[in-house]
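Numbering (our numbering), first residue to last: 7 to 374.
C-beta atoms are modelled at their ideal positions from N, C-alpha and C, and glycine is treated no differently.
Please read the structure below before turning to the comments.
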Amino acid sequence: MAELHLTSSDIRDALRTVKDPDLGKDLVTLNMVKDVRIVGSAVTVGIELTTPACPMKDVIRKDIERAIAEQAKRVGASAPKITVEFTAQVRVAATKSASNPLPQVKHVIAVGAGKGGVGKSTVSVNLAVGLARMGARVGLLDGDIYGPSAPTMLGLDELTGAIRNEMLIPFEVHGIRAITIGKLVDPDKALIWRGPMAHGAFKQLALQTEWGELDYLIVDLPPGTGDVPLTLAQLLPLSGAVVVCTPQRVAQDDARRAVRMFQQLGVHVLGVVENMSYFVGDDGKTYDIFGRGGAEIMARTMNLPYLGAIPIHMDLRRNSDEGTPLKNWQGNPTLASELDGVCSRVASQISIATIQGGLIQPTLSVTG
Ligand code: ADP
């Protein structure tokens, strides 16, 4: 008797039972199945993730393999050899406004903090570089016009800015595109801006930069609850904001105010990152210097996603001072995996917000 093989409709039925764990819907409904090829008992499934930073790849692969194998048993087909191929395409919410001044940028993400010194710029830089390492197209707007950190943290000192057709050309460094006021004004001069000037300076940086096509534009905001977040919220359709907080009680109080500010501005808060969460000594022991977990508790009590912890790490400080952020992923497995965790969780939250805010048209292209 001839062997019975799975058909494309069997595969489709199987994939309807596999959910994206973050997005909570099945792969067919989410229009993530881009290709199904069947050659004898060999089945190849092409899945398009909603971000290259998807942390759920392995879970999705296993669930697909299990669902297809079960389907084969159910219909009495021979055991299939299953290959899952991933691609990624960052999606845009269907509700995104048509009058968007940055149509080539899929998502603008603000990074804010209740006060200075908690590591907001550190998180912005590493979020940008980390997402780019995972394959996303990323820009960084150093919007901290009062105290720009990007020239140092990205090592821009030796570079000169360029202008083309009255547009600023961003610096292409460490796999990202970056712009900062720190390269446009005398860095040793105190940057004092009156309200309208701050508005103007920020607006110019955001809108008069030739960003090109970007999946994510990370905006490092000035600390606190001043003019710039307001300008940003009015100027650009923000996909959401990340709030950076250190674990101490006083820091949480400030961060809570930052969260409330975003909420008042109608900006979706993607979650809270706990920076300087803990310290690992040379002896391998973990020290909870500032009381690890404080920001996580704050996030939970405010009903916000917790986006992960970044340890206090000497290399992180050194690489920031030396403008070599990619080194954070070299020779520091704990630091690298914590940074990747934060990047993936932010990307997931963006995907979740996009899917919830937009309409998904289920379509399936099947060959074989
Ligand atoms: P903010 O933008 O909130 O003012 P920064 O990102 O500029 O804060 O960080 C302040 C200082 O602390 C910088 O020198 C930075 O390198 C250092 N720093 C921030 N986070 C860490 C960390 N997790 N481990 C070590 N140093 C850190």
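Helix, strand or coil for His205? Go by DSSP, reduced to three states.
helix
What's the C-alpha gap between Met203 and Tyr152?
Taking the straight line from one Cα to the other gives about 11 Å.
Quick check: is any heavy atom of the ligand ADP less than 6 Å from the C-beta of Leu322?
yes
By the DSSP assignment, the alpha helix (DSSP H) with Leu322 in it spans what residues?
According to the DSSP assignment, Leu322 belongs to the alpha helix (DSSP H) that extends over 320 to 328.
Between the Cα of Asn309 and the Cα atoms of Lys333, Pro331, Gln269, Arg323, which residue gives the shortest distance?
Gln269
Skipping 5 residues on each side, what residues in its chain have a beta carbon closer than 6 Å to that of Leu213?
Pro107
Would you mind reading off the limits of the beta strand (DSSP E) that contains Ser354?
Looking at the DSSP string, Ser354 is not in any beta strand (DSSP E); the run it does join, the alpha helix (DSSP H), is 339 to 363.
For Pro176, which residues from the same chain have a beta carbon less than 6 Å from its beta carbon, with the 5 sequence-adjacent residues on both sides left out?
Arg183, Ala184, Ile185, Thr215
Please confirm whether Lys291 has its beta-carbon closer than 7 Å to some beta-carbon of chain C.
Given the protein chain composition of this structure (a single chain), no chain C is represented.
Who pairs with Arg266 in a beta bridge, going by DSSP?
Note: Arg266 sits in no beta bridge, so no partner.
Using a Cβ distance threshold of 8 Å, determine whether the stretch 70 to 77 contacts the stretch 9 to 20, with at least three qualifying pairs required.
yes
Contact under 7 Å by Cβ, Thr50 with Arg43
Yes, they are a contact pair.
Report the option in Pro157, Ala99, Ala207 whose CA atom is closest to the CA atom of Ser127.
Pro157
Taking 6 Å as the cut-off, is the C-beta of His319 nearer than that to any heavy atom in the ligand ADP?
yes
Indicate the three-state DSSP secondary structure (helix, strand or coil) for Pro368 in the structure shown.
Reliability fails at Pro368, whose pLDDT of 35 lies under 50, so the model's placement of it is uncertain and no value is given.
Nearest to Gly232 (by Cα), restricted to the options Pro86, Gly118, Asp32:
Gly118
Please classify Ala315: does DSSP put it in a helix, a strand, or coil?
In the structure shown, Ala315 sits in a strand (DSSP, three-state: E or B).
Quick one: what's got a C-beta closer than 7 Å to Ser283's C-beta in the same chain, skipping five residues either side?
Pro253, Arg298, Ala315, Ile316, Pro317
Ile316 beta carbon near the ligand ADP (any heavy atom closer than 6 Å)
yes
Rounded straight-line distance, which links the Cα of Gly46 to that of Val352
40 Å
Let me check you understand the geometry: is the CB of Ala119 closer than 6 Å to at least one non-hydrogen atom of the ligand ADP?
yes
What does the alpha-carbon distance come out to for the pair Ser343 and Gly82?
43 Å
At a cut-off of 6 Å, would you count Asn338 as near the ligand ADP, judging by its Cβ distance to the nearest heavy atom?
no
CA-CA distance, Ala134 and Asp289?
31 Å
Any chance you could list the alpha helix (DSSP H) runs of at least 4 consecutive residues sitting entirely within the stretch 241 to 285, in chain order?
255 to 270
Would you decide whether Ser357 is buried or exposed? Buried here means 16 or more other CB atoms lie within 10 Å of its CB.
buried
For Gly391 and Leu236, I'd like the C-alpha separation in whole angstroms.
This structure gives no information on residue 391, because the portion of the chain shown stretches from 7 to 374.
Between which residues of its own chain and Gly167 is the CB-CB distance below 6 Å, once the five residues before and five after are set aside?
Excluding sequence neighbours, Gly167 sits near Lys189.
Tell me the rounded alpha-carbon separation between Leu332 and His11.
47 Å
Opposite Gly145 in the DSSP bridges: which residues?
Arg183, Leu223
So who's on the other strand from Phe296, going by DSSP bridges?
BP columns for Phe296 are empty, so no partner.
Tell me whether Ser343, by its Cβ, gets closer than 6 Å to a heavy atom of the ligand ADP.
no
Considering Cα atoms alone, identify which of Arg170, Leu147, Gly300 is closest to Val179.
Leu147
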